[in-house]
Every structure is written in C-alpha cells, then in structure tokens.
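Here the structure comes first, spelled out in structure tokens, and everything after it is commentary.
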Amino acid sequence: MFNIVIFGPPGAGKGTQSKLIIDKYRLTHLSTGDILRGEMAAKTPLGLEAKDLIEKGLLVPDEIVIKMVKNKIDDNLDKKGFIFDGFPRTCEQAAALDKILRERNTTISVMISLEVEEEELITRLLKRAETEGRQDDNIKVIKNRIQVYNEVTCKVADYYGKTGRHRPVDGTGSVEEIFDRICRVVDESEKVTA
Ligand code: AMP
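Number 163 in our numbering belongs to position 176 of the sequence shown; there are no gaps in the numbering.
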C-alpha cells in the first residue's frame, strides 16, 4: 500500500487538495471530519456525542476517532492506499496510526503539511461558511479550532519530522499551483516506496 497524510490548520485546503490527489493517485480518502459529520447527520450515538465538541471547535476523544479510522482501514485493505485528511490531530493518534498500519504491514510514506498564514485561514473559512454552511465555520469556533491546532495538533508535524516523513508545502496561490507542489512531493515519495 501507499499511504499519505495531508496535514495543516483548518482552512489550509486539505479537503480541496485531497480530491485532486485521490483522482490522480487513486487513493482512498479517509477524512475523520467527514465521517463525524455523517454520524451527526444520521444522529447515531457517536454523532450525538461528537456534535457538542465539533460545534465548539474542540477535538473528539482519541479513542473514538482511532476506532473509526481502524474500522475504515480494515474495510479497505484491498485498496492501493489511503490519504488521511484531518487525522492524526494528536501525537497519540499519530502513534496509534503507525501501530495500526504496522500490524497490517504498511506505513505512512509521507506527511504533507500545508502552510498558510492565520489571517488567510480565517478569510477562507468565512468564505466557506457562505458556500457550505458548516456549523463550525463561524468566527468564534474558527478561532477555537485554530487555537486547538496551535496548541495540540501542530506537534504532530514534529512526530513525523523525527522519522523524516514531514514535508512542508506552501499552501498559498492557486489550487493548481498548490497541487503541483504536492505532486512533486508525492511522486518523489512514491518512487522511494515502490
Ligand atoms: P475537519 O472536517 O477535519 O475540519 O473536522 C471538523 C471537526 O471534527 C474538528 O474541528 C473536530 O471537532 C472533529 N475532528 C475531526 N477529525 C478529528 C480528529 N482526528 N481528532 C479529533 N477530532 C476530530
């Protein structure tokens, strides 16, 4: 398998770039945010538990997201590989992901980290609020989500850095320009993994 993580603060463009990466590299998309929103829409017990946290911009407990991810991996072991989007968001999640993949004889080849200034993130998320109507895209929750990223999630970059798998990519410019930068990193990593 060939697996990658797309990483970055809220509004960095992880979802937009994931769609392009999936099309080009035929990877299976695993977005914990999408799974959680699906659970919320279906009003499952998990969705109801997560709703309050998501609407405040806080993280859902590690045990819950790790279990969700494990199930989704096991349902897709016949696929070429995964792109993890919005996961891992804590070092505990990153270590759990490494363990799950190791037990299945695979690994994360590279972690692509989209770098965007905070002011630009807020502008993008407020724009997305108008087009997608996500409950958590309002200024108060956006600020909480960025704070959670700065205090907790950004440490995940060091986790991958320690094993030489962290690749920062400039997340500004046109969607196509950013995608070109990402492809260069993915191509290089795929060559090494093959
Ligand atoms: P996203 O769509 O990735 O921006 O995620 C939306 C929200 O879902 C986040 O603000 C968190 O509340 C929750 N969430 C998504 N992924 C995770 C994760 N890996 N760990 C904890 N909470 C998550």
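All C-beta atoms in this analysis are idealised placements derived from N, C-alpha and C, irrespective of residue type, glycine included. Keep in mind it's a predicted model, so treat the numbers as computed, not measured.
CB of residue i within 8 Å of CB of residue j, strictly
{"i": "residue 107", "j": "residue 140", "result": "no"}
{"i": "residue 96", "j": "residue 156", "result": "no"}
{"i": "residue 44", "j": "residue 131", "result": "yes"}
{"i": "residue 170", "j": "residue 1", "result": "no"}
7 Å CB neighbourhood of residue i in its chain, flanking five on each side removed
{"i": "residue 33", "result": "26 and 51"}
{"i": "residue 122", "result": "42"}
{"i": "residue 172", "result": "97, 99, 154 and 156"}
{"i": "residue 166", "result": "4 and 7"}
Beta-carbon contacts of residue i that lie in its chain and below 6 Å, excluding the five residues immediately before and after
{"i": "residue 71", "result": "-8 and 17"}
{"i": "residue 23", "result": "37"}
{"i": "residue 142", "result": "78"}
Residue from the options whose Cα sits closest to the Cα of residue i
{"i": "residue 78", "options": "103, 46 and 40", "result": "46"}
{"i": "residue 146", "options": "56, 83, 54 and 7", "result": "83"}
{"i": "residue 39", "options": "128, 76, 120 and 166", "result": "128"}
{"i": "residue 66", "options": "112, 35, 114 and 13", "result": "13"}
{"i": "residue 126", "options": "137, 118, 136 and 114", "result": "114"}
{"i": "residue 111", "options": "69, 161, 91 and 144", "result": "161"}
Assigned exposure category for residue i - 16 Cβ within 10 Å defines buried
{"i": "residue 134", "result": "exposed"}
{"i": "residue 5", "result": "buried"}
{"i": "residue 19", "result": "buried"}
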